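Just below is one structure, and these are the notes that go with it.
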Amino acid sequence: METPLIRVKQLAYVRVEATDVASAEKFLQEFGLQVVERTNGQTYFRGTDAATPCYILSEGPGTVTTIAFEAESVEDLQTLSELPEASEIYSPNERYGGKIVRLTDPVGMSVEVVYGREALASMEAAPSHAFNMNGERHRVGELPAVAYGPSKVKRLGHLVLESADPEKLYDWYSCHFGLTKSDAVVLPDGSSQMIFSRLDRGEEYVDHHVIGFQFALDEGTRVQHLAFEVGNMDDLMSGHEFLKRRKYKNVWGVGRHLLGGQIFDYWKSPSGLIHEHWTDTDLLNNAHEPGDCKISEMRDYWGPEPTPAFLVSRWNFKVIKNLLRIVKARSSTAS
Ligand SMILES: [Fe+2]
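Quick look at the structure:
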């Protein structure tokens, strides 16, 4: 891999539009995010971790309009601002301060790189308790600590970008921001169905993926899902039951992924954007050697198959063609 321009520190926030802001807000609160403020037509949401708001909602026809990374230094912003396609460094009209450089990725997604925002203090996280499992007894004379109601989202953890050419898109994010491949799911012709990329923080362990670059069955471009960490399995399952009672649409889960290792649970918002709860991710550092996984060998550790509503964002003839190609690849190489 060529030396990247900068190495980003973390995924910072997303800007999301919805035509019905009231129902989007209600969903996000029942999903487990918390409103920080409503100002200038935007609603700022946060998780319980110490950070600036991770989800900025406004009224509009789009879905995810911007993804944002936190930079290591103002010098890194300077480096990016010298690119012909980048904006100058500017200070946003938002009370969290900081400085931003804005770029546009090869499929037209707006990407903000931010430095110097002031973090909000952490909030009370989901309750947790010790376990009496695996032949060991750690919860003695105590009830399990489980809250009824929505999950408590900790933070924005990752997102998946769909496009017709995931390799090209991965190369751009890798060259600009230092994202590095953890694993890929490949088809028999060697093309990537999914590339999981993580932050490059050297020896420091980070989440298995921060961006997944996925081949879009309809060959369109979009953020296919946004994924948020919750505290533990009980918190994830409490949230699952709560969302089910509220009649939201579960599109995949609960299960445990093979690549990434997370326990996952995916839900569709009223505007059709998929939001994931996850807990217990694999952690990797620069000692990890990226590996390819044949699509025929892709099995989650446990859990149901994804629903069509998870797999297909928009139906067109390309979906049929690509689904047939993948089904054939899964069956022909499995034997
Ligand atoms: Fe995910």
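By our numbering, the letter at position 248 of the sequence shown is numbered 330, and the numbering carries on one by one without gaps.
Note that beta-carbon positions come from the ideal geometry of N, C-alpha and C, so glycine has one too.
Keep in mind it's a predicted model, so treat the numbers as computed, not measured.
For residue 374: DSSP bridge partner residues
266
Three-state class that DSSP yields for residue 104 in the structure shown:
helix
In whole angstroms, give me the CA-to-CA distance for residue 416 and residue 378.
Here the model assigns residue 416 a pLDDT of 47, short of 50, so the residue's position is not dependable, and the following value carries that caveat. If you take the alpha carbons of residue 416 and residue 378, they lie about 5 Å apart.
Work out the CA separation of residue 215 and residue 61 for me, nearest whole Å.
As shown, the chain starts at 83 and ends at 417. That puts residue 61 outside it, with no answer to give.
Start and end of the beta strand (DSSP E) containing residue 128?
124-128
Return helix, strand or coil for residue 203, following the three-state DSSP convention.
coil
Of the residues 335, 309, 289 and 375, which one's Cα is nearest the Cα of residue 364?
289
List in chain order: all unbroken alpha helix (DSSP H) runs of 4+ residues lying wholly within the region 119-177.
156-163
Could you please give the first and the last residue of the uninterrupted alpha helix (DSSP H) stretch that includes residue 89?
Neither: residue 89 is in no alpha helix (DSSP H) and is coded neither H nor E.
Rounding to the nearest angstrom, what Cα-Cα distance links residue 228 and residue 236 in this structure?
16 Å
Under a criterion of Cβ closer than 5 Å to any non-hydrogen atom of ligand 1, which residues qualify, in chain order?
309 and 358
Does DSSP put residue 397 in a helix, in a strand, or in coil?
coil
What residues match up with residue 274 in a beta bridge as DSSP calls it?
268
Going by beta-carbon coordinates alone, are residue 96 and residue 150 separated by less than 9 Å?
yes
Pair within 9 Å by beta-carbon distance, residue 260 and residue 282
yes
Keeping to the same chain, check which residues put their C-beta closer than 8 Å to that of residue 204; ignore five residues upstream and five downstream.
130, 131 and 132
Quickly, what does DSSP pair residue 305 with across the bridge? List them, please.
243
My output table needs one value for residue 404: the three-state DSSP class, helix, strand or coil.
helix
Measure the C-alpha to C-alpha separation of residue 178 and residue 198 and round it to an integer number of angstroms.
9 Å
Suppose contacts are defined by Cβ-Cβ distances below 9 Å. Is residue 354 in contact with residue 145 by that definition?
yes
So the beta strand (DSSP E) residue 295 belongs to, where does it begin and stop?
293-297
For residue 119 and residue 127, I'd like the C-alpha separation in whole angstroms.
8 Å
In terms of alpha-carbon separation, which member of 209, 201, 170 and 212 lies closest to residue 195?
170
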